[in-house]
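Okay, so here's the structure we're looking at.
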Amino acid sequence: MSISVVAQPMTEYLFSLYGTPVRYITSSSRLAAPVEELLRHFRRDAIEEATPLTVRFHAVQDRAEIPLTLSPAARHLASGTDVAAEGRPADDLPYVVSQDGGRLLIDFAEAGLFMIEGAYGRAEGYLLKPERMPTNLIEYLFHLTLVELLRRRELYTIHATALEWQGRGILIPGNSGRGKTTSFISLLRAGYRYVSDDHPLIRDAGGHVELLPFPIKINVTEETIAFFPELRHAPEHVLQRQPGFHKRGFYAEELYRTEIGACCRPAVVLFPKVVDAPQSHLERLPKTRALQLVLPQALLVYDQEVARREFHVWAKLVQQADCYRLHFGRDLLDLPQLITPLLEQVHS
Amino acid sequence: MSRSHQSHSPDTASVPIIDSVMLDRTVLLPSPDVQGTNMDGETVLLDLSSGRYYTLNRVGSVIWEHCTGHHTISDIQAVLCDRFDVASERALDDLVTLVTQLTQEGLLQQERR
Numbered sequence: 020m021s022i023s024v025v026a027q028p029m030t031e032y033l034f035s036l037y038g039t040p041v042r043y044i045t046s047s048s049r050l051a052a053p054v055e056e057l058l059r060h061f062r063r064d065a066i067e068e069a070t071p072l073t074v075r076f077h078a079v080q081d082r083a084e085i086p087l088t089l090s091p092a093a094r095h096l097a098s099g100t101d102v103a104a105e106g107r108p109a110d111d112l113p114y115v116v117s118q119d120g121g122r123l124l125i126d127f128a129e130a131g132l133f134m135i136e137g138a139y140g141r142a143e144g145y146l147l148k149p150e151r152m153p154t155n156l157i158e159y160l161f162h163l164t165l166v167e168l169l170r171r172r173e174l175y176t177i178h179a180t181a182l183e184w185q186g187r188g189i190l191i192p193g194n195s196g197r198g199k200t201t202s203f204i205s206l207l208r209a210g211y212r213y214v215s216d217d218h219p220l221i222r223d224a225g226g227h228v229e230l231l232p233f234p235i236k237i238n239v240t241e242e243t244i245a246f247f248p249e250l251r252h253a254p255e256h257v258l259q260r261q262p263g264f265h266k267r268g269f270y271a272e273e274l275y276r277t278e279i280g281a282c283c284r285p286a287v288v289l290f291p292k293v294v295d296a297p298q299s300h301l302e303r304l305p306k307t308r309a310l311q312l313v314l315p316q317a318l319l320v321y322d323q324e325v326a327r328r329e330f331h332v333w334a335k336l337v338q339q340a341d342c343y344r345l346h347f348g349r350d351l352l353d354l355p356q357l358i359t360p361l362l363e364q365v366h367s
Numbered sequence: 213m214s215r216s217h218q219s220h221s222p223d224t225a226s227v228p229i230i231d232s233v234m235l236d237r238t239v240l241l242p243s244p245d246v247q248g249t250n251m252d253g254e255t256v257l258l259d260l261s262s263g264r265y266y267t268l269n270r271v272g273s274v275i276w277e278h279c280t281g282h283h284t285i286s287d288i289q290a291v292l293c294d295r296f297d298v299a300s301e302r303a304l305d306d307l308v309t310l311v312t313q314l315t316q317e318g319l320l321q322q323e324r325r
């Protein structure tokens with residue numbers, strides 16, 4: 020079977036994230052759909068600012084089609100496999116990050132090549148054979164590109180779940196397998212409002228930092244599903260299987276009487292750790308320890324000036340919130356009884 | 213992307229690189245790539261050139277607080293004796309050990325005046 024390549028018109032999709040306009044341009048419907056899904060709460064028909072963040076994604080069939088090259092002066096920054104994308108199709112995705120003048124180049128080998136020009140608020144992504152990629156991987160690649168641009172507009176993200184309860188924010192950072200999503204669902208079903216399942220936004224509001232909703236589909240493992248009766252009994256069209264991805268996904272509002280939370284001050288930060296014990300308990304953490312635990316989930320040092328600002332935002336978060344290690348026992352459905360009193364003590 | 217940071221406590225043994233006869237003429241100052249934040253008496257340092265971060269305990273934090281280019285090593289030694297009620301020799305040993313480690317990590321610079 021031969022594949023003929025026909026040039027497609029570029030389509031522009033507009034979004035606004037808390038006053039930061041974003042323009043996404045692609046000619047590929049395969050590359051458009053996951054981004055529209057990811058940013059569905061931020062869609063706009065028009066944006067007013069003359070200099071929006073601009074991301075262009077291109078579908079290519081061969082690396083030879085990618086018009087990006089590294090200059091001899093390019094500096095290697097990092098490489099490895101993408102362990103921070105745990106639970107996503109990007110597991111074990113090799114990457115090499117290079118700084119080439121004002122350009123940051125991220126080479127994801129068989130997935131494609133990405134160039135981010137932070138100072139100009141723009142990025143280009145060349146995705147190899149995207150028709151073979153799981154949509155979650157496309158979503159992930161867009162998200163990491165967007166995040167790198169957003170942090171230059173002083174909007175930061177952290178690998179965490181987040182909820183809001185009566186104007187008070189709760190943040191649960193951590194790697195997969197630590198009980199992050201399970202504790203999140205336990206609080207969600209108790210009436211806490213949804214902020215984000217994976218990467219809420221944070222910004223410095225002057226006297227304090229602010230937690231901003233980034234609502235996305237909630238992805239759960241079969242193990243997590245087994246804990247909650249409403250997930251166990253959810254119909255297939257609500258708790259959807261996702262091709263090429265081992266987690267199933269659902270929208271919070273389709274299973275719970277919840278709504279998207281308000282922008283709020285993070286009052287409590289929980290670092291969960293699953294323990295083999297009948298009851299969960301909390302251990303208050305020193306601020307320095309909490310910051311040590313936050314930084315690996317949040318901060319990437321590519322641009323020193325950006326990282327300098329971001330470091331102080333995470334420090335401010337830890338200063339303003341009460342931080343605990345959550346030793347997460349088998350009483351996971353009772354978690355709200357442990358957490359709500361903490362939030363009740365905090366003045367909103 | 214994976215976060216490349218590692219947490220370090222500068223507490224391993226190292227060879228002093230401070231001239232003991234110049235203690236009252238050597239001032240200390242942070243490297244320009246280092247950011248620090250003090251929390252409840254302890255300090256977290258981030259080295260922007262490497263992405264590594266470090267923690268300092270209360271004694272280390274007092275030392276770091278005085279690494280502004282205005283205090284000599286002898287000045288800082290006196291501060292430690294005053295704040296922590298330790299013998300002068302012990303304060304100097306601890307100070308030299310930490311300063312040596314921070315210097316070797318590229319977090320601290322020394323200047324003669």
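Listed in order, the protein sequences are those of chains A and B. Heads up: the first sequence begins at 20 in the working numbering, then just goes up one per residue. Heads up: the second sequence begins at 213 in the working numbering, then just goes up one per residue. The beta-carbon is built from N, C-alpha and C at its ideal position, and this holds for glycine as well. Predicted model, so just to flag it, every value in this text is computed and none were measured.
For this session: Answer yes or no: does any C-beta atom of chain A fall closer than 8 Å to that of B:Gly281?
Result: no
Exercise. Residues of chain A with a CB under 8 Å from the CB of B:Glu254: which are they?
Worked result: Pro305, Lys306, Thr307
For this session: With a cut-off of 8 Å on the beta carbons, I'd call A:Pro285 and A:Leu336 a contact; round off their distance for me.
Result: 6 Å
Exercise. Using DSSP with H/G/I as helix, E/B as strand and the rest coil, what is B:Ser286?
Worked result: helix
Exercise. So, do the region 129 to 147 of chain A and the region 235 to 249 of chain A have three or more beta carbon pairs nearer to each other than 8 Å?
Worked result: no
Exercise. Which word fits B:Ile229, buried or exposed, when buried means at least 16 other C-beta atoms lie within 10 angstroms of its C-beta?
Worked result: exposed
Problem set entry | Boundaries (first-last residue) of the beta strand (DSSP E) holding A:Gln118 | 113 to 119
For this session: For B:Thr284, collect the residues of the same chain with a Cβ closer than 7 Å to its Cβ; drop the 5 residues on either side in sequence, then sort them by chain order.
Result: Leu235, Asp236, Arg237, Thr238, Val239
Exercise. Between the region 46 to 60 of chain A and the region 153 to 173 of chain A, do three or more beta carbon pairs fall short of 8 Å?
Worked result: yes
Problem set entry | B:Arg302 - containing beta strand (DSSP E), residue span | Premise fails: B:Arg302 lies in the alpha helix (DSSP H), 300 to 316, not in any beta strand (DSSP E).
Exercise. Are the CB atoms of A:Thr200 and A:Val239 nearer to each other than 8 Å?
Worked result: yes
Problem set entry | Any C-beta of chain B under 8 Å from that of A:Arg344 | no
Problem set entry | Limits of the beta strand (DSSP E) - the one that A:Arg42 falls within | 39 to 45
Problem set entry | Separation of B:Gln313 from B:Thr267, as counted between CA atoms | 13 Å
For this session: For the beta strand (DSSP E) holding B:Thr155, just list the boundary residues, first then last.
Result: The displayed coordinates of chain B run from 213 to 325. Any statement about residue 155 of chain B would go beyond what the structure contains.
Exercise. Is the CB of A:His218 under 8 Å away from at least one CB in chain B?
Worked result: no
Exercise. So does the region 144 to 162 of chain A actually touch the region 73 to 93 of chain A, counting three or more Cβ pairs closer than 8 Å?
Worked result: yes
Exercise. Any idea what DSSP makes of B:Met234, helix, strand or coil?
Worked result: helix
Exercise. B:Leu310 CB to nearest chain A CB: under 8 Å?
Worked result: no
Problem set entry | Span of the beta strand (DSSP E) around A:Ala346 | Residue identity check: residue 346 of chain A is His in the sequence provided, not Ala. Taken as a continuous stretch (DSSP letters only), the beta strand (DSSP E) holding A:His346 covers 341 to 347.
Problem set entry | Amino acids of chain B, ordered along the chain, whose beta-carbon sits closer than 8 Å to that of A:Arg122 | Ordered by position in chain B, no residue passes the 8 Å Cβ test against A:Arg122, which lies about 16 Å from the chain.
Exercise. Which residues, taken in chain order from the region 309 to 323 of chain A, show a beta carbon closer than 8 Å to some beta carbon of chain B?
Worked result: Leu310, Gln311, Leu314, Pro315, Gln316, Ala317, Leu318, Leu319, Val320, Gln323
Problem set entry | Simplified DSSP state of A:Cys282, which is helix, strand or coil | coil
Exercise. Is the Cβ-Cβ distance between A:Thr39 and A:Leu169 less than 8 Å?
Worked result: yes
Exercise. Using a Cβ-Cβ cut-off of 8 Å (strictly less than) and excluding sequence neighbours within five positions of A:Thr277, which residues of its own chain qualify?
Worked result: Leu207, Gly210, Tyr211, Arg212, Tyr213, Ala271
For this session: Sort B:Gly263, B:Thr315, B:Pro242, B:Thr280 by Cα distance to A:Val325 and report the nearest one.
Result: B:Gly263
Exercise. With respect to the alpha helix (DSSP H) encompassing A:Pro315, which residues constitute its N-terminal and C-terminal limits?
Worked result: 306 to 317
Exercise. If you measure from the beta carbon of A:Gln338 to each beta carbon in chain B, is any gap under 8 Å?
Worked result: yes
Exercise. With respect to the alpha helix (DSSP H) encompassing A:Phe203, which residues constitute its N-terminal and C-terminal limits?
Worked result: 199 to 207
Exercise. Going along the chain, which residues of its own chain have a beta-carbon closer than 6 Å to the beta-carbon of B:Ala303, five neighbours each way excluded?
Worked result: Gln289, Leu292, Cys293
Exercise. In chain order, what residues of the same chain have a beta carbon less than 6 Å from the beta carbon of B:Gly248, not counting five sequence neighbours either side?
Worked result: Thr255, Leu257
Problem set entry | beta strand (DSSP E) segment containing A:Ala179, residue limits | 179 to 184
Exercise. Ordered along the chain, which non-local residues of its own chain (more than five positions away) have a Cβ less than 6 Å from that of A:Asp119?
Worked result: Leu89, Ser90, Ala93
Exercise. Who are the Cβ neighbours of A:Arg250 in its own chain at under 6 Å, not counting the five residues just before and after it?
Worked result: Correcting the residue type first, residue 250 of chain A is Leu in the shown sequence and not Arg. So the list reads Ile244, once near-sequence residues are dropped.
Problem set entry | N- and C-terminal bounds of the alpha helix (DSSP H) containing A:Thr164 | 154 to 169
Exercise. Who are the near neighbours of B:His282 in its chain, counting only those whose CB is closer than 8 Å to its CB and skipping five residues on each side?
Worked result: Val239
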